[in-house]
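Notes to accompany the following structure.
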Amino acid sequence: MKTAVTFLIFLLLFVPTSFAQDYTQWDLPESAQARLGQGSITGNIAYSPDGTGLAVAGSIGIWVYDTTTHQEVALLTGHTGWVESVVFSSDGTTIASGGGRPDNTVRLWDVATGTHRHTLTGHRGAVLSVALSPDGTTIASGGGWPDNTVRLWDVATGAHQHTLTEHRGWVESVAFSPDGTTIASGSNDTTVQLWDVATGAHQHTLTGHRGWVENVVFSPDGTTIASGSTDKTVRLWDVATGTHRHTLTGHRGWVESIAFSPAGITIASGGGRPDNTVRLWDVATGAHRHTLTGHTGAVLNVALSPDGNTVASGSKDKTVRLWNVATGTHRRTLTGHAGEVNNVAFSPDGTMLASGSEDGTILLWELPHLTGDVNQDGVVNIQDLVLVGSNFGKTAEGGADINGDGVIDLQDLVLIARAFENAENW
């Protein structure tokens, strides 16, 4: 025993600090750059807009990491319950967080200093979801039972603006439209509600789901809302009129997560047990494109890369899988977590993927990308140029749509021509 204690003291005194602190690099799985994590992850993870920061909702607060050095920058504490949701403002200066029971508050934090700005009180249940308006002036929060409200707040002052009370069940998800004028909220009362941000006026009630609405997401152009439900469907709605457009059916389990592609042409959905699949759909027609199979547990989270080429899925089977959007083919399986993967998030430049797990860790994965490799064969050559040329003028994304703007045009031809000079293996 005495020998062991002496050895421990030796380690503490003489082992270089850089070595002792470099736990982020220990025994990393292939393709992972770092392992982060301090305690339980109780909500989502979010990249800062410039990709240099990562916020993690945890049981004791919000951990903020530097994605370059892989070190903890701050631990934001003050919530008296675990943190359900975190989000960065569009300029990266503010973090908003929602607290679970018995805390029931929204808190605003200064990213540069890590200081607390405001505590927003009024909800009578856990704050299950928070969202910041695109201009960073307004925050929306969704309350759990028995609160069942959406509340709007002024970011600068922390002042309460409106309480939105149409829901008859807890509010699972809130989202701002891209222009910041409309709020959508999804509830376990099976409805989606639309509201005017400026006045708080109720606009539309979207009905049709026969189960809880777990997720609501606006399309990038703001014309469409997608909602995912425990009734195993995704529904698409017209924002202006509130009318139902399409019901996307095929999952055999709850729809756990939904995400639009950056160009708004494709939507991805993740299915719970016993489905365990990712499905890709055409937004305009509602047509099913691909079913992505391979996970052996519920798909808990999906995300699309900024260029629209790749879908990432996190699963209860403890893995992350990467898929080709254009073809639906499997690219890679990322292993290394010891628990279910309930969060996946691409960095804003698409070069990194963060995955968060119930094992309490976040893994940062490097994603090599070869611009112009349309057919994904690992090299840019004449075959890729032919594919771009043969699809010229078409509306598409992923694959031949190299710049991810939703149409295959002259810009894509220019990009692939430049890529010939610098081609590297994927």
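Per this note's numbering, the sequence shown starts with residue 2, numbered consecutively.
Glycine included, every Cβ here is placed at the ideal spot set by N, Cα and C.
Note that this is a predicted model, so its numbers are computed, not measured.
Residue i burial status per 10 Å Cβ neighbour count (16 or more: buried)
| i | result |
| --- | --- |
| Ala227 | buried |
| Asp180 | exposed |
| Ala160 | exposed |
| Pro30 | exposed |
| Arg280 | buried |
| Ile383 | exposed |
| Pro275 | exposed |
| Gln194 | buried |
| Asp1 | Since the first residue shown for the chain is 2 and the last is 427, residue 1 is missing from the structure and cannot be characterised. |
| Leu129 | buried |
| Gly100 | buried |
| Asp413 | buried |
| Asp28 | exposed |
| Val88 | buried |
| Pro147 | exposed |
| Val387 | exposed |
| Gln205 | The amino acid at residue 205 is misidentified as Gln; the sequence shows His. Counting Cβ neighbours within 10 Å, His205 comes out buried, since at least 16 surround it. |
| Thr183 | buried |
| Ala264 | buried |
| Gln22 | In this prediction, Gln22 scores a pLDDT of 42, lower than 50, which makes its location untrustworthy; no coordinate-derived value is stated. |
Between the CA atoms of residue j and residue i - distance to the nearest angstrom
| i | j | result |
| --- | --- | --- |
| Ser314 | Arg118 | 35 Å |
| Asn189 | Thr334 | 33 Å |
| His247 | Thr267 | 13 Å |
| Val408 | Asp402 | 6 Å |
| Asp222 | Thr166 | 27 Å |
| Asp239 | Thr69 | 41 Å |
| Thr43 | Ala35 | 20 Å |
| Gly209 | His245 | 8 Å |
| Asp350 | Pro369 | 12 Å |
| Gly115 | Leu77 | 7 Å |
| Trp64 | Trp110 | 12 Å |
| Lys432 | Ile140 | Residue 432 lies beyond the stretch modelled for the chain, which goes from 2 to 427, so this question has no answer here. |
| Asp295 | Val156 | Correcting the residue identity first, residue 295 is Gly in this sequence and not Asp. Taking the straight line from one Cα to the other gives about 43 Å. |
| Leu121 | Thr106 | 6 Å |
| Tyr24 | Asp360 | With a pLDDT of 48 at Tyr24, under the threshold of 50, the modelled position of that residue is not reliable, and the figure given next carries that caveat. Cα to Cα, Tyr24 sits roughly 16 Å from Asp360. |
| Phe393 | Asp410 | 6 Å |
| Ala241 | Gly287 | 18 Å |
| Asp104 | Asp406 | 42 Å |
| His252 | His291 | 12 Å |
| Gly62 | Thr164 | 26 Å |
| His331 | Val312 | 10 Å |
| Trp282 | His289 | 5 Å |
| Thr158 | Ala47 | 24 Å |
| Trp213 | Ala199 | 27 Å |
| Leu237 | Gln162 | 29 Å |
Proximity below 7 Å, CB of residue i to CB of residue j
| i | j | result |
| --- | --- | --- |
| Asn310 | Val321 | no |
| Ser98 | Val112 | no |
| Arg102 | Gly82 | yes |
| Gly143 | Val172 | yes |
| Ile363 | Gly38 | yes |
| Val256 | Ser220 | no |
| Ala304 | Val345 | yes |
| Ser60 | Gly40 | yes |
| Gly298 | Ser270 | no |
| Phe177 | Val218 | no |
| Arg152 | Gly126 | no |
| Leu133 | Ser86 | no |
| Gly243 | Leu207 | yes |
| Thr234 | Thr250 | yes |
| Asn45 | Ala33 | no |
| Phe347 | Ser391 | no |
| Asn343 | Asn277 | no |
| Leu55 | Ala355 | yes |
| Gly337 | Leu293 | no |
Close Cβ partners of residue i (< 7 Å) along its chain, the five nearest in sequence each way excluded
| i | result |
| --- | --- |
| Arg211 | Thr191 and Asp232 |
| Asp67 | Thr53, Gly54 and Val74 |
Residues near residue i by beta carbon distance below 6 Å, same chain, minus five either side
| i | result |
| --- | --- |
| Gly94 | It should be noted that the sequence gives Thr, not Gly, for residue 94. Taken in chain order, the residues that qualify are Val112. |
| Ser174 | Ser130, Gly187, Asn216 and Val217 |
| Gly272 | His252, Gly254, Thr278 and Val300 |
| Leu323 | Thr311, Ala313, Arg332 and Arg333 |
| Ile10 | Confidence in Ile10 is poor, its pLDDT being 37 and thus under 50, which makes the residue's placement unreliable; the coordinate value appears in the next sentence. So no residue of the chain qualifies. |
| Ser358 | His338, Gly340 and Val342 |
| Asp318 | His296, Thr297 and Gly298 |
| Gly145 | Gly126, Ala127, Leu129 and Trp171 |
Same chain, Cβ closer than 8 Å to residue i, neighbours up to 5 away in sequence not counted
| i | result |
| --- | --- |
| Asp92 | Pro50 and Gly137 |
| Glu367 | Ser32, Ala33, Gln34, Thr352 and Met353 |
| His168 | Asn149, Thr150, Val151, Ser186, Ser188, Asp190, Thr192 and Gln194 |
7 Å Cβ cutoff, residue i in contact with chain D
| i | result |
| --- | --- |
| Ile383 | In summary, chain D is missing from the structure at hand, where a single protein chain is found. |
Inset, instruction - Taking only runs that begin and end inside the region 23 to 87, name each unbroken alpha helix (DSSP H) of 4 or more residues, in chain order. - result: none
Legend entry - 3 or more residues per run - each beta strand (DSSP E) lying fully within the region 88 to 167: 95 to 100, 107 to 111, 117 to 121, 128 to 133, 139 to 144, 151 to 155 and 161 to 165
Inset, instruction - Would you list, in sequence order, the uninterrupted beta strand (DSSP E) runs of no fewer than 3 residues that lie entirely inside the region 286 to 329? - result: 289 to 293, 300 to 305, 311 to 316 and 321 to 325
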